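In my numbering, each residue's number is its place in the sequence shown (first place is 1) plus 468.
Below is one structure, written out as structure tokens, with a few remarks after it.
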Amino acid sequence: MIVGEQVVTISSRVTSFTAVCELCTELDSLDGYAGTTFGGRLDLDVDHATFLCRRGHSVRVEREHRAWPSADDL
Ligand SMILES: [Zn+2]
């Protein structure tokens, strides 16, 4: 079974976030738990990064758009 990469989007000026791992949510619901989240940090100059949840599932975090104009905009 191939599981697609999870993607979480955060707003442009956020540096720390709490995300839900959907794979863990699925596993936890089987065990009777709910609300599996993990926290991370993405500096303002970083547009995207891949984080691992507490079980090691890969979650890609993407910033909505740049907080300031980039060289591409000039
Ligand atoms: Zn997970």
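Built from N, CA and C at the ideal position, the CB exists for glycine as well.
Quick caveat: nothing in here was measured; it's all calculated off a predicted structure.
Could you tell me the alpha carbon to alpha carbon distance between residue i and residue j, rounded to whole angstroms?
{"i": "Asp496", "j": "Thr504", "result": "7 angstroms"}
{"i": "Cys489", "j": "Cys521", "result": "7 angstroms"}
Would DSSP call residue i helix, strand or coil?
{"i": "Glu532", "result": "coil"}
{"i": "Met469", "result": "For Met469, the predicted model reports a pLDDT of 49, less than 50, meaning its position is unreliable; a value from the coordinates is still stated below. Three-state result, Met469: coil."}
{"i": "Leu510", "result": "coil"}
{"i": "Thr483", "result": "coil"}
{"i": "Thr493", "result": "helix"}
Candidates the options: which alpha carbon is nearest residue i's?
{"i": "Ser479", "options": "Gly472, Leu498, Asp515, His525", "result": "Asp515"}
{"i": "Phe506", "options": "His533, Gly500, Glu473, Cys492", "result": "Cys492"}
For residue i, which residues in the same chain have their Cβ closer than 8 angstroms to its Cβ, ignoring the five residues on either side in sequence?
{"i": "Asp511", "result": "Thr483"}
{"i": "Glu439", "result": "The structure shown has nothing for residue 439, since the chain only spans 469 to 542."}
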